[in-house]
Structure formats: C-alpha cells, structure tokens
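Take numbering that gives the first Met the number 0: the last position of the sequence shown gets the number 128, and nothing is skipped along the way.
Cβ coordinates follow ideal geometry from the N, Cα and C atoms, glycine included.
Just so you know, these numbers come straight off a predicted model, no measurement behind them.
Some notes on the structure that comes next.
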Amino acid sequence: MRYERLRRVDELLKREISAFCERNIARELTGLLTITQVKTSSDLRHARVYYSVLGPPAAAETALDRLKQYRPDMQHQIAVAVQLKFTPVLTFHTDHSPEHGDHVLSILDELHLLDPEPGEPAPPTDEPT
0 MRYERLRRVD
10 ELLKREISAF
20 CERNIARELT
30 GLLTITQVKT
40 SSDLRHARVY
50 YSVLGPPAAA
60 ETALDRLKQY
70 RPDMQHQIAV
80 AVQLKFTPVL
90 TFHTDHSPEH
100 GDHVLSILDE
110 LHLLDPEPGE
120 PAPPTDEPT
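Structure below.
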C-alpha cells in the first residue's frame, strides 16, 4: 500500500512539474525538455526529478540552469496544487536512458547488418570447417 502511494505521488509530481515546465520554461529553451521520471523519498520530503533534452548539447545545460532557477516557483506551484503534509525539495538529474537506448539500437543495427538475410548464403570466412 505504501509503495502504491509513492508511485501515485511520483506520477502526480511528474504531471505538475511537466505542466509547469511547459508553461514557464519551454519557450526559453532551444531543445525539447521532457520530465521522464520523478522518484520521491519514502518520507516525501525529497524528490529527484529526471529530465532529458532533445536538441543541441548546450540545450541540456540551459535546461538545467532554468530548472534550478525556477525551482522555488515550481515548488510553490506543487504546494498549491498537491495536498501533501510537506512539499518535497526538488533536485534535478539528467536522464541518460534515451542515449543508452540509442546506443543499444545502433548496436542491434550493426548486428543486423552482419547477419545474412534469410535464404542468402552466409559470407565466406577464413576459418576452416
């Protein structure tokens, strides 16, 4: 039951933070900012906000600067919109999972290029059979 509540709080915070970013931060960025995940501590006093930025490398730095700049306003909005005993202190962390996913896909593409198509003979190798 406790973990279910944490999951619901995480999703609610993610929705509120995403909406705040869309209204206040998105127009200041050259890349596309996405809040990918929120992980709240078990006492609900701290929340780690994971984000990714699609765009030039400088856009990620700008996004982090804006997130830190708007953090007090964001926390105030959360305090107004979400009824919790304590408003969690937000910390921001880059989510590298999109880059890891792209890397895995590129490896799979390379492996696919090495595999022959069905019905085609395998390329000859120098190894004796």
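Subject >> Buried/exposed call for T39, threshold 16 Cβ in 10 Å >> reply: Taking all protein chains shown into account, T39 has 16 or more neighbouring C-beta atoms within 10 Å of its C-beta and is therefore buried.
Subject >> Counted within 10 angstroms of its Cβ, other Cβ atoms place Y50 as buried (16 or more) or exposed >> reply: By the neighbour-count criterion, in which a residue is buried when 16 or more other Cβ atoms sit within 10 angstroms of its Cβ, Y50 is buried.
**OP:** If I'm right that T29 touches G54 with Cβ under 8 Å, what's the distance once you round it to whole angstroms?
**Re:** Sure, about 6 Å apart at Cβ, within 8 Å.
Original post:
Just how far apart, CA to CA, sit F19 and A25?
Top reply: Roughly 9 Å between the two C-alpha positions.
Subject >> Ranges of the alpha helix (DSSP H) found wholly within the stretch 44–80, counting only runs of at least 4 >> reply: Entirely contained in the stretch 44–80, the alpha helix (DSSP H) runs reaching 4 residues are, in chain order, 56–80.
Subject >> Residue interval of the beta strand (DSSP E) (run including L31) >> reply: Per DSSP, the unbroken beta strand (DSSP E) holding L31 starts and ends at 31–39.
**OP:** Please list, in chain order, all residues of the same chain as K13 whose beta carbon is under 6 Å from its beta carbon, the five residues on each side excluded.
**Re:** The residues are I34, V37.
**OP:** Give the range of the beta strand (DSSP E) segment to which F85 is assigned.
**Re:** Careful: F85 lies outside any beta strand (DSSP E) and carries neither H nor E.
Subject >> Residue of V103, E27, I16, E10 minimising C-alpha distance to A62 >> reply: The candidate whose alpha carbon is nearest that of A62 is E27.
Original post:
From H92, Y2, L31, Q82, pick the residue whose C-alpha is nearest to that of A58; which is it?
Top reply: Checking every option, the nearest Cα to that of A58 belongs to L31.
**OP:** For H92, write down the residues that DSSP places opposite it in a beta bridge.
**Re:** H92 has Y49 as its beta-bridge partners, per DSSP.
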